[in-house]
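Asks:
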Amino acid sequence: MHQPPVTHPQADRTDGEAVHATAGGAVHRLVPSPAGRIHLVEQGSGPLVLLVHGFPESWYSWRHQLPALAAAGFRAAAVDVRGYGRSSRPDAVDAYRMLDLVADSVAAVEALGESSAVIVGHDWGSNIAAHSALLRPDVFRAVGLLSVPYTPPGGPRPTEAFARMSDPAGPFAGQEFYVSYFQEAGRAEAEIEPDVRGWLAGLYAALSADTMPGPEAPDPHFVASGGRMRDRFPAAGRLPSWLTERDLDVYAGEFERTGLTGALNRYRNMDRDWADLAAHAGAPITQPSLFLGGGMDASTTWLSDAIEAYPVTLPGLSASHLLDGCGHWLQQERPEETNRLLTEWLTGLPS
């Protein structure tokens, strides 16, 4: 089911809640948050399921799940993460640290009049969901992780670990990992913002099962010295099968309006997160949990050790599934399978 593009005449209000209904039965809301406001789209009634997107997406990445979860007896609410869409976009880089995003998750639950929820995230949203569950088990009774496995806080400083991936003696000598490329304010924006639509189309294609580069092609997660990320995206013109021109219009329209800085600032806080969460090094998430990954997604292959560690790091894991032939954008590439696995898991949770 495709929801209409976001139209929100009250989008600049921060006092109280603004509501806008769509023809499809979903409701757009602006609700208070520590940064000002959160924009979310909800559908259905029943136990609350908070849906958190990743980079570079929006609430719209859950367009297939909202009606499916509603039909299964749940109240599904997909947020625009801080820095995206109609949610607030603070100017300070350090306003995008994980502790702030966890606070936003809690604020969304409270604003919807609930005391607890299940939280489900994809990509960066998976990390936000995991840490929301870790830090606020009193609010989040279960957690679903899509594409990016849970890795407990701790380990080496993130920027130092990513820098080592470009070791001159390693397979990516002379290349820069994309997370390192994103660290300098304005650098990635200068590449993306002159052609937001083309850049998004290229990234979505690069990480989708049916359009990603072959195994012999240069890895799109790395940037050649003096180059750009888009230099390694697939040739323009072919969209992945899950992405229509209209879907791309929705994503591009939001980022053309907001710019990319708020979204990219999440990457620029990884070292701050590492320090903020030091007291939780190695901590498991004990609530009931679910993991869904794509068999062709680098997030699951690079982090296979994290998946193998789930008996220790996710002792409440109910189910873990790798979807064969699926890339990174799991809930959009495989909406029916994702919906089935999500609803089966949610239905089986203790009330």
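With this note's numbering applied, the sequence shown has no gaps in its numbers, which climb one by one up to 401 at the end. By construction, the Cβ of each residue, glycine as well, lies at the ideal position given by its N, Cα and C atoms. Being a predicted model, the structure only gives us computed values, none of them experimental.
(1) Counting C-beta neighbours from all protein chains within 10 Å, is the total for Thr-350 16 or more, i.e. buried, or is it exposed?
(2) Ala-157 to Arg-214, Cα distance in whole Å?
(3) Whose C-alpha, out of Asn-177, Ile-178, Ala-183 and Gly-175, is nearest the C-alpha of Ala-31?
(4) Output needed for Val-152: all residues of its chain with C-beta closer than 8 Å, excluding positions within five of it in sequence on either side, in chain order.
(5) Considering only DSSP beta bridges, list what Ser-108 is partnered with.
(6) Between the Cα of Pro-385 and those of Asp-269, Tyr-110 and Pro-82, spot the shortest distance and give me the residue it belongs to.
(7) Between Arg-147 and the rest of its own chain, which residues show a CB-CB distance below 8 Å, the 5 nearest in sequence each way excluded?
(8) Name the DSSP bridge partner or partners of Gly-343?
(9) Tell me which same chain residues have a C-beta within less than 7 Å of the C-beta of Phe-283, skipping the five on either side of it?
(10) Flag this pair as yes or no: are the beta carbons of Gly-366 and Thr-393 separated by less than 8 Å?
(11) Give me the residue from Ala-223, Leu-98 and Phe-105 with the minimum Cα distance to Gly-163.
(12) Please report the Cβ distance between Trp-112 and Gln-381, rounded to the nearest whole angstrom; I am assuming they are in contact, meaning their Cβ atoms lie under 8 Å.
(13) Under the assumption that His-103 contacts His-172 (Cβ atoms under 8 Å), give the Cβ distance between them as a whole number of angstroms.
(14) Thinking C-beta only, is Ala-259 closer than 8 Å to Gly-375?
(15) Should Thr-397 be labelled buried (16 or more other beta-carbon atoms within 10 Å of its own) or exposed?
Replies: Based on what the coordinates show:
(1) buried
(2) 37 Å
(3) With the chain represented from 51 up to 401, any question about residue 31 goes unanswered, as that position is not in the structure.
(4) Ile-178, His-181, Ser-182, Leu-185 and Arg-186
(5) In DSSP, Ser-108 forms no bridge with anything.
(6) Tyr-110
(7) Asn-319, Arg-322, Asp-323 and Asp-326
(8) Leu-372
(9) Gly-252, Leu-253, Ala-255, Ala-256 and Pro-270
(10) no
(11) Leu-98
(12) 7 Å
(13) 6 Å
(14) yes
(15) exposed
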